[in-house]
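K.L.:
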Amino acid sequence: MIKAGTAHWLLHDVKNRGITAWLLSALLTAFYLVLYFTEWFTHPARAIGLDSKWTLYGLLYTLAVTLGGLWMIRKYRHNRYQIVRTSVVIFVQATFAFSIPHLLKFLHQPEYYFSYLWPLKMDYLTPSYIFSLPLPFILYSFLGSALLVPILAAFFGKRWYCSWICGCGGLANTFGEPWRHLSDKSS
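Right, here's the structure in full:
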């Protein structure tokens, strides 16, 4: 049942395939088309001190994960598992997937994403790429891919990465939570 008031109608409409949801979908599609195929976001990114439109995108992505995560924590405040998982997703996105790679770049080091491991990041074990990195990154890539991934998969199952570490899974589990009920449940 829809509660009275414009804000409640709008929220219900966005979460249940109403016209507002379609407009939001069109807006997001337009945003990605502009991001990928034009340079319109380059000047605003540089105006706020960022080096490229992709850094601006990473910042917006991290903000979406953080705000969606805070909403999730509030919604599931009585479920310890959800609070811990969501906190880990926010932390990994904000540090390993956004801040550390840009800090390394700022310090004139190779840009390296510690939240990626082989087989998800195939480059991390190709000789031409891996041997261009500093020794600690090489060790992390090999040990993480050969030991960390199989051990965590054995103990926590195949979804440990998508549910706890991955940025796309993080966005789906935080910002995408209000739309989860719309996914197809058939097999």
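Residue numbers (our numbering): 9 to 195. Positions of the beta carbon are idealized from the N, C-alpha and C atoms, including for glycine.
1) Have a look at L141 and H189 and give me their C-alpha separation to the nearest angstrom.
2) Does the region 170 to 184 touch the region 64 to 73, meaning 3 or more C-beta pairs lie closer than 8 Å?
3) Considering just the uninterrupted stretch of the alpha helix (DSSP H) at T134, what are its terminal residues?
4) Would DSSP call P158 helix, strand or coil?
5) State whether the region 108 to 116 contacts the region 85 to 92, with contact taken as three or more CB pairs (one from each stretch) at a distance under 8 Å.
6) On the three-state DSSP scale, how would you describe P109?
7) Quick check on M9: does DSSP put it in helix, strand or coil?
8) According to DSSP, is K83 helix, strand or coil?
P.N.:
Reading off the structure:
1) Between the C-alpha atoms of L141 and H189 there is a straight-line separation of about 43 Å.
2) Cβ pair count under 8 Å is three or more, so yes.
3) Following the DSSP letters along the chain, one finds T134 in no alpha helix (DSSP H), marked with neither H nor E.
4) Looking at P158 - three-state DSSP - the assignment turns out to be helix.
5) In short, these stretches do not touch, since the Cβ pair count stays below three.
6) In the structure shown, P109 sits in a helix (DSSP, three-state: H, G or I).
7) In this predicted model, M9 has a pLDDT of only 49, less than 50, meaning its place in the structure is not dependable enough to derive any value.
8) Residue state, collapsed to three classes: helix.
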